[in-house]
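Chemist: Below is the structure I would like to discuss, written out as structure tokens.
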Amino acid sequence: MIGDDVKKTNENIGESKNDQVVKRSRQYAKNKKSYEESLKEYNKYVVVQNAEQERYENLVKEFEQLLNKRKAIDNELDAKNREILDSIKKLGHFKKTKKV
């Protein structure tokens with residue numbers, strides 16, 4: 001039934017079955033090439049997006065590490081500052097002054 005319809009269509013168009021196969025094959029190759037080109041183009045953007053995402057995550061990680069180092073340094077500075085002030089008090093460098 002379907003085969004008969006195809007034969008009638010081919011006869012009406014005036015093309016042989018081989019011509020139809022060649023035409024479909026060329027169309028398939030053309031579509032495949034177009035699809036592959038589109039896929040390559042898409043993959044460029046996907047790779048860039050993934051690379052940018054990875055770069056962003058690395059930058060955030062580095063920032064957090066630097067911030068933690070900064071906090072640690074601030075804590076060390078505060079501790080040293082307290083030690084210095086305590087030492088100065090013990091040495092008597094702070095003199096009580098009267099407020100006027």
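Residues in the sequence shown are numbered consecutively from 1, following full-length UniProt numbering.
Note that CB positions come from ideal geometry on N, CA and C, so glycine has one too.
Taking only three categories from DSSP, how would you classify S38?
Modeler: helix
Chemist: With H, G and I counted as helix, E and B as strand and the rest as coil, what does DSSP make of S25?
Modeler: Here S25 sits in helix by DSSP.
Chemist: How long is the line joining the alpha carbons of K77 and L91, rounded to whole angstroms?
Modeler: In the sequence as displayed, the identity of residue 77 is Leu instead of Lys. Going from the Cα of L77 to the Cα of L91 covers about 21 Å.
Chemist: What's the C-alpha gap between E36 and Y28?
Modeler: 12 Å
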